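Residue numbers (the working numbering), protein chains in the order written: chain A, 15 to 341; chain B, 19 to 568.
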Amino acid sequence: MTLAQWTTAASNYAVRVDHLFWLLVVVSGLILLVVMALAVGFMIRYRSGAGAPRGELPEAFKHEVEIGWTAATLFLFLFIFWWAASTELSALSPPANALEIHVIAKQWMWRFQHPTGAREIDTLHVPANTPVRLVMTSEDVIHDLYLPALRLKQDILPDRYTYEWFTATKPGTYWLTCAEYCGTDHSRMAGKFVIMPAQDYARWTAAQPQGDDLAHEGAALFRTLGCSGCHTPGASVHAPDLHGVYGHLVHLADGRTVTADDAYLRDSILLPDKDIVAGFAPIMPSFQGVATEGDLVKLIAYLKSLGTGQAANGPTDQPARQPGARP
Amino acid sequence: MTEITLPFAPVEDTGAASYLDAGHTIASWLTTTDHKRIAILYALSITIFFFIGGAAIALVRLELIEPNGWFLTSDAYNRLFTLHGIIMVWFFLVPSIPATMGNFLLPLMIGARDVAFPRLNLLSWYLYVIGAAFTIYVLVAGGVDTGWTFYPPFSTNYSNGYVVAAATGVFVVGFSSIATGVNFIVTTHMLRAPGMTWFRLPLFAWSMYVVSLVMVLATPVLAMSLLLIVAERLFGLPVFDAAHGGDPILFQHIFWFYSHPAVYIMILPAMGVVSEVFACFSRRQVFGYAFMVYALLAIAVIGFMVWGHHMFVAGQSPLANLVFSFLSFIVAVPSAIKVFNWLATMYRGRISFEAPMLYALGFLGLFTIGGLTGLFLASVPIDVATTDSYFVVAHFHTIMVGGSVSAFMAGIHFWWPKVTGRLYSEFWAQFAAITMFLGFNVTFLPQFVMGWEGMPRRYHVYPDVFQVWHVISSGGAAILAVAYTLPLVYLGLSLVRGARAGDNPWHATGLEWQTSSPPPKENFRRVPRVEAGPYRYDAAGRPRPQGTPL
Chain A
15 MTLAQWTTAA SNYAVRVDHL FWLLVVVSGL ILLVVMALAV GFMIRYRSGA GAPRGELPEA
75 FKHEVEIGWT AATLFLFLFI FWWAASTELS ALSPPANALE IHVIAKQWMW RFQHPTGARE
135 IDTLHVPANT PVRLVMTSED VIHDLYLPAL RLKQDILPDR YTYEWFTATK PGTYWLTCAE
195 YCGTDHSRMA GKFVIMPAQD YARWTAAQPQ GDDLAHEGAA LFRTLGCSGC HTPGASVHAP
255 DLHGVYGHLV HLADGRTVTA DDAYLRDSIL LPDKDIVAGF APIMPSFQGV ATEGDLVKLI
315 AYLKSLGTGQ AANGPTDQPA RQPGARP
Chain B
19 MTEITLPFAP VEDTGAASYL DAGHTIASWL TTTDHKRIAI LYALSITIFF FIGGAAIALV
79 RLELIEPNGW FLTSDAYNRL FTLHGIIMVW FFLVPSIPAT MGNFLLPLMI GARDVAFPRL
139 NLLSWYLYVI GAAFTIYVLV AGGVDTGWTF YPPFSTNYSN GYVVAAATGV FVVGFSSIAT
199 GVNFIVTTHM LRAPGMTWFR LPLFAWSMYV VSLVMVLATP VLAMSLLLIV AERLFGLPVF
259 DAAHGGDPIL FQHIFWFYSH PAVYIMILPA MGVVSEVFAC FSRRQVFGYA FMVYALLAIA
319 VIGFMVWGHH MFVAGQSPLA NLVFSFLSFI VAVPSAIKVF NWLATMYRGR ISFEAPMLYA
379 LGFLGLFTIG GLTGLFLASV PIDVATTDSY FVVAHFHTIM VGGSVSAFMA GIHFWWPKVT
439 GRLYSEFWAQ FAAITMFLGF NVTFLPQFVM GWEGMPRRYH VYPDVFQVWH VISSGGAAIL
499 AVAYTLPLVY LGLSLVRGAR AGDNPWHATG LEWQTSSPPP KENFRRVPRV EAGPYRYDAA
559 GRPRPQGTPL
């Protein structure tokens, strides 16, 4: 292992973070130098017994000095805040076409699921120069996916989704590791983070011994878990049609309106009583303990494949292909 | 300085019996309501815990010399750093200056005979001891491995350590903080001597007043969060369990709503101590006294609004991150002003370098470094890159150990002659002060470097590229261990064969120096009348009388 696997800045964002860091090193280095120089200077010039002038300063002058350095400090800090905030805001939301990879963390390993259905443990392959969005959840305690080369960290919570996105630029093999203390083998919850040129990534996913892509596996689960028994137009049970539900506004029985994102769909499967859709009876059973984290990833991928925003015409078991999926 | 003579007659009759002579039995100590004796009880107990917490981290630093460890299991390692955190934060740093020097000096500084509620004061020490007993139990029973932060769901559903006992210990100690806080607030409001107006209070008294407000307002929130952890772990109340509609992030909000102000509970008293020391050893009024007071208040108020900067990667909204980032920059302004004012206090002074001043100068340098690296962490992108790494570890140790512990040592040395009536070996005290400063930097500067390079915190095994920094850091810790043990020796020896100090060996201003050393049980035979503000030194650096007998 080399230090470069930790410290290389492998995305444009990481380079910007480094710039901000070095700006802060220079600014705070200068401040520290001034404070030290003044302290040492006074210690020598005004040491007990030295013959330096010691008259009192006028009160008005003291007052002006106080206001002067308060204002100067404030403006300097506001400048740093502005620089830092603009770096943060430049990387706020991922492009809509980002490649979506699911991350499931558990004590003490990482599982990654690519949209093609490729799965890997403790190693994450991503294409370079392609926006990648990670959808992450944990099966037990709080973890944190730390990608040092991208200067990124994000906590991963049980029973919640958290997200992270990036566009890596520098192919190579780097580190990924857990940054949130998670128990006995926290320090061993590490792995490799591989950035590959896009065509290599496509070749790599094609070579993975996986059956089907996530959405297709989700479609199968949708039947085997019994979801399709109710959530099909014309079913005897009155349940919402799920075509085009992803990303759509949903009106709830209690008057609230929510967007049907990953977190909402997940809660609806595991905690169906939490957000009841207006006009429907709260009859859905919970799938807690039935659907695993991996199943949820697939089910949501399937729902997503049914289109976003626009309701489709009729029921179909054939999901639209995910971008990057194998033919 | 020794040739300067007091321009005024001592207020007290000489030869009065001191508080130490008010009873020599153990029972007389355990049932005392004298604030000075309670301060000593606290000082002894927190010293024991300081060395237990120190021993835990010494083992950790020893283990980290090898990237794959060499004598601890991962579970043992996790228990040791958790123990270190819990003990150092709640059983040493939080009570350190307020419960010892605050207890001893606040009544003396404002010209009172005791605190407002002497029995509550004793109760607060007993609460501390009860809380400590829980911690000792955890220690011998097999430890706890959650980290000092007790994050659920690890602490509630997964940890196999003694979480409930540890949380109960901290919960109980919290009430001791609250009792001390209430006592100090009422004391400052009600028991100031005639003429001791608010703006004639020494800055140390101000810092005790402000820190008491923070303790009283913040500590109940800690109690709440720990109670909920215990309820979830013991009874399955799923407040923080998302699988049942709870929220693990909620705990972090509640916890940091206490624990960020707790950082100020640890540093505000330190600021008070060094303000006294800088004034005395520069023979000069503290520059910008009023601004120093406003800065203390501003830090306390804004300090309540920045807790979210501990949670930039926890899954909080980007807007919340920006707001907390902004407020964190704002709270740094009054801290910077204080640094400038301490510097300006030295300007045109008559500076001498006795041990308390050396510790205070060490504080100044390290607090500046700690504050400046705080700006890094207030910037969201830098925090995302470095949070949960050694950069953060180095940052808060620079404030807590470099800052608070240096100031604690400065205060111990400054007021030692007042408390004991004895002088310690100046040479060994100066030697320890310099060793501590050097040891600190050797320990923690490497941690800044490896933190920025990516070394995560709370790691038992680590990539070998970071080994060189870990070895240097462990070497620094060994130097620190020597520096922390030395005062035990020379301060202990001074009790037996130290020279008599006289009432005011530093020729300092302040009411506490105008009574005898050690002070009589009732502090002042006659309550002094105060006619001027603090830190009045004349053109030759001599103290001007501050109080005259009523």
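Glycine included, C-beta positions come from ideal geometry on N, C-alpha and C.
Model, not experiment: these values are computed from the prediction.
Residue 369/B: not part of any beta strand (DSSP E); DSSP gives it neither H nor E. Distance from the Cα of residue 374/B is smallest, within the candidate group 314/B, 98/B, 291/B, 89/B, for 291/B. Beyond the five residues adjoining it in sequence on each side, residue 30/A comes within less than 6 Å, by CB distance, of 101 in the same chain, given in chain order. Residues of chain B with a Cβ closer than 8 Å to the Cβ of residue 167/A are, in chain order, 331, 402, 403, 405, 406.
For the pair residue 42/A and residue 358/B, the Cα-to-Cα distance works out to about 15 Å. Taking a beta-carbon distance threshold of 7 Å, residue 162/A counts as an interface residue toward chain B. At least 7 Å separates the CB of residue 102/B from every CB of chain A. Taking a C-beta distance under 7 Å as the contact criterion, residue 162/A and residue 179/A do not qualify as a contact pair. For residue 299/A, the CB contacts under 8 Å within the same chain, skipping 5 residues up- and downstream, are 286 in chain order. Cβ atoms of residue 124/A and residue 205/A come within 8 Å of each other, at about 6 Å. Contacts with chain A at 7 Å (Cβ-Cβ) include residue 386/B. As the crow flies, the alpha-carbon of residue 424/B is around 10 Å from that of residue 458/B. Per the C-alpha coordinates, the member of 283/A, 218/A, 72/A positioned closest to residue 208/A is 218/A.
The contact set of residue 173/A on chain B, defined by CB atoms closer than 7 Å, consists of 260, 261 in chain order. Under the Cβ distance rule, residue 20/A counts among the residues neighbouring chain B, one pair being separated by less than 7 Å. Close partners of residue 477/B in chain A (Cβ separation under 8 Å): 200, 201.
Using a CB distance cut-off of 7 Å, residue 445/B does not count as an interface residue toward chain A. Per DSSP, residue 160/A lies in no alpha helix (DSSP H); the unbroken beta strand (DSSP E) holding it starts and ends at 157 to 161.
DSSP, read as helix, strand or coil, puts residue 58/A in helix. A distance of 7 Å or more separates the beta carbons of residue 559/B and residue 440/B. Contact between residue 276/B and residue 239/B holds, since their C-beta atoms are separated by about 4 Å, short of 8 Å. Using beta-carbon distances, residue 512/B does not count as an interface residue toward chain A, since no partner is under 7 Å. Residue 106/A carries a coil assignment under DSSP once its states are collapsed to helix, strand and coil.
Between residue 289/A and the set 168/A, 264/A, 150/A, the nearest pair of CA atoms involves 264/A.
Nearest C-alpha to residue 520/B among 435/B, 513/B, 491/B, 80/B: 435/B. Contact residues of the segment 131 to 150 of chain A toward chain B are absent (C-beta to C-beta distance below 9 Å). Within the same chain, and ignoring the five residues on either side of residue 349/B in sequence, the residues whose Cβ sits closer than 7 Å to its Cβ are 317, 320, 321, 324. With a threshold of 7 Å between beta carbons, residue 87/A makes contact with chain B. Only buried fits residue 83/A, as 16 or more other CB atoms lie within 10 angstroms of its CB. Listed by position along chain B, the residues whose Cβ is nearer than 8 Å to that of residue 68/A are 366, 367, 368, 557. With its beta carbon at least 7 Å from every one in chain B, residue 273/A lies outside the interface. According to the DSSP assignment, residue 206/A belongs to the beta strand (DSSP E) that extends over 204 to 210. The alpha carbon of residue 379/B has as its nearest neighbour, out of 429/B, 243/B, 191/B, the alpha carbon of 429/B.
Within chain A, 95, 98, 99, 102 have C-beta atoms less than 9 Å from the C-beta of residue 343/B, given in sequence order. Distance between residue 127/B and residue 216/B, taken at the CA atoms: about 12 Å. Annotation: residue 501/B to residue 148/B spans about 30 Å, alpha carbon to alpha carbon.
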